[in-house]
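Worksheet: the structure to be examined is printed underneath.
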Amino acid sequence: MDRNDNKLVKDLAEKILSGDILSLSKSITLIESVKDEHQKTARKLLNSLVPHSGNSIRIGITGSPGVGKSTFIDSFAGYLAGLGRKIAILAIDPSSTKSKGSILGDKTRMQKIANNPNVYIRPSPSRGSSGGIADRTRETIILCEAYGFDTIIIETVGVGQSEVLVRTIVDFFLLLLQPGGGDELQGLKKGSVEIADLLVINKADGDNINLAELTKNAYSLAVHYLQPATPGWETKVVTSSALNMSGIPEIWEIIQDFEQKTKQTGAFESRRQEQNLDWFYSLIEKNLKDLFFGSSQIRKKLHNIEKKIKIGKIIPSDASEIILNYFINSLNK
Ligand SMILES: Nc1nc2c(ncn2[C@@H]2O[C@H](COP(=O)(O)OP(=O)(O)OP(=O)(O)O)[C@@H](O)[C@H]2O)c(=O)[nH]1
Ligand SMILES: [Mg+2]
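First residue of the sequence shown? That's 11 in my numbering, and the numbers climb one at a time after it.
Pasting the structure below:
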């Protein structure tokens with residue numbers, strides 16, 4: 011069994027390194043699988059491919075629904091492919107359910123890149139798959155880099171915690187905004203503005219050109235007073251039209267400038283190092299939780315103690331101490 015597994019891992023690794031896209035897809039499916047044996051194989055595969063990873067720029071792209079993410083990614087990735095870059099597009103979509111479909115599923119908005127051999131699109135995995143979404147995406151990035159993609163784009167919807175998660179796995183973070191949405195600054199979007207390296211006011215075309223320019227100026231003023239998301243890099247604000255491609259080459263220039271500058275100062279490398287630690291601690295958390303909640307004895311205990319907590323017979327802090335002690339003792343047996 012084990013020997014077969016080793017052969018499978020060796021085979022997949024070799025094929026990925028030699029540029030076999032089907033083996034890449036198959037391996038990502040292994041990573042997303044909830045089966046223990048698949049997880050074991052996936053981990054071995056990752057181990058053998060890690061030395062071949064890291065050589066890419068990882069770009070996060072976020073924005074509210076309808077702001078133009080799909081259209082923008084289509085234009086942007088299409089432009090990069092034209093320059094000879096190899097692009098993998100992944101998605102983090104914590105809200106995705108079967109009925110809603112997942113982001114990146116809307117291939118209609120991705121006409122430019124849909125059949126481009128230098129662009130790989132991997133939709134967001136379903137909720138039922140293994141592990142945390144961020145960890146799975148990190149692993150998928152490693153496989154994509156080993157395959158030879160030099161540009162990794164992670165798309166996420168601009169709601170909730172997903173943007174913060176994406177920030178912990180990318181080098182560069184781009185926030186798409188609508189013209190005229192300046193009052194968002196006071197509200198919801200402030201958090202996303204603070205973690206972005208570049209704000210792009212999209213849909214700067216037709217009747218919206220002037221408004222987009224005004225919006226750009228308002229945001230430029232605002233970011234001036236914020237702490238930059240990346241040390242030594244002043245957050246930029248530009249306009250674009252994903253529809254007519256204006257601003258797209260300039261955005262790529264900015265990203266290259268960012269890469270060069272942060273590599274010079276060391277900020278690029280130190281962020282990646284921090285991210286590796288983040289990854290490590292998030293796995294510890296996940297594995298501890300799995301171990302704890304996966305134990306049938308613990309679940310039985312929890313069931314009993316819950317009743318007492320509900321009616322105030324025992325306070326939660328005491329209850330948690332009792333059950334954790336029970337857990338620790340059960341490990342020593
Ligand atoms: N005028 C104009 N319209 C745009 C531009 N980019 C996108 N749109 C339009 O805006 C609408 C939404 O675009 P999408 O690319 O689907 O936006 P999205 O952010 O992916 O939306 P969700 O996937 O629903 O979150 C579509 O009708 C697009 O044609 C642009 O640069 N200019
Ligand atoms: Mg979309």
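Backbone N, C-alpha and C define an ideal beta-carbon position, used for all residues, glycine too.
With residue i as the anchor, note down where its beta strand (DSSP E) starts and where it stops.
{"i": "Gly-70", "result": "67-73"}
Determine the direct distance from the alpha carbon of residue j to that of residue i, and round the result to whole angstroms.
{"i": "Gly-78", "j": "Ile-219", "result": "16 Å"}
{"i": "Gly-257", "j": "Asp-215", "result": "11 Å"}
{"i": "Gln-121", "j": "Leu-209", "result": "25 Å"}
{"i": "Asn-339", "j": "Phe-290", "result": "25 Å"}
{"i": "Glu-47", "j": "Ile-321", "result": "42 Å"}
{"i": "Ile-261", "j": "Asn-126", "result": "21 Å"}
{"i": "Gly-276", "j": "Pro-241", "result": "10 Å"}
{"i": "Ile-123", "j": "Asp-84", "result": "6 Å"}
{"i": "Ser-327", "j": "Asn-314", "result": "16 Å"}
{"i": "His-234", "j": "Thr-272", "result": "19 Å"}
{"i": "Ile-71", "j": "Leu-100", "result": "10 Å"}
{"i": "Met-255", "j": "Gly-304", "result": "50 Å"}
{"i": "Ser-109", "j": "Asp-103", "result": "Low confidence applies here, because Ser-109 scores a pLDDT of 40, under 50, leaving its location unreliable and the question unanswered by this model."}
{"i": "Phe-268", "j": "Ser-66", "result": "13 Å"}
Using CA coordinates, which residue listed in the options is at the minimum distance from residue i?
{"i": "Pro-238", "options": "Glu-204, Cys-154, Ile-308, Leu-22", "result": "Glu-204"}
{"i": "Ile-164", "options": "Lys-200, Leu-209, Gly-158, Glu-173", "result": "Glu-173"}
{"i": "Leu-187", "options": "Gln-171, Arg-177, Gly-158, Leu-221", "result": "Leu-221"}
{"i": "Arg-95", "options": "Gly-76, Ser-74, Ala-101, Arg-68", "result": "Arg-68"}
{"i": "Asn-57", "options": "Gly-73, Leu-22, Glu-295", "result": "Leu-22"}
{"i": "Glu-244", "options": "Ala-228, Ile-264, Met-255, Ala-52", "result": "Ile-264"}
{"i": "His-62", "options": "Ile-26, Ile-97, Arg-53", "result": "Ile-26"}
{"i": "Arg-177", "options": "Asn-14, Ala-144, Pro-189", "result": "Ala-144"}
{"i": "Arg-229", "options": "Asp-217, Thr-249, Asp-300", "result": "According to the sequence shown, residue 229 is Tyr rather than Arg. Of the listed residues, the one whose Cα sits closest to Tyr-229 is Thr-249."}
Taking the DSSP output, what are the residues bridged to residue i?
{"i": "Trp-243", "result": "Thr-240"}
{"i": "Tyr-130", "result": "Ala-98"}
{"i": "Ile-164", "result": "Gly-70, Leu-100"}
{"i": "Leu-22", "result": "BP columns for Leu-22 are empty, so no partner."}
{"i": "Val-248", "result": "Val-210"}
{"i": "Leu-34", "result": "Its beta-bridge partners do not exist; DSSP assigns none."}
{"i": "Phe-182", "result": "Ile-69"}
{"i": "Leu-187", "result": "Ile-211"}
Within 8 Å (strictly less), CB to CB, does residue i reach chain B?
{"i": "Leu-18", "result": "Annotation note: the requested chain B is absent from the structure, which comprises a single protein chain."}
How would you write the range of the alpha helix (DSSP H) that residue i sits in, first residue to last?
{"i": "Leu-341", "result": "326-342"}
{"i": "Phe-159", "result": "Phe-159 -> no alpha helix (DSSP H), and no H or E assigned at all."}
{"i": "Ile-83", "result": "79-92"}
{"i": "Ser-58", "result": "46-59"}
{"i": "Gln-266", "result": "258-275"}
{"i": "Asn-220", "result": "219-234"}
For ligand 2, residues whose Cβ lies under 5 Å from any non-hydrogen atom: What you get when you keep residues with a C-beta closer than 5 Å to any heavy atom of ligand 2 is Lys-79, Ser-80.
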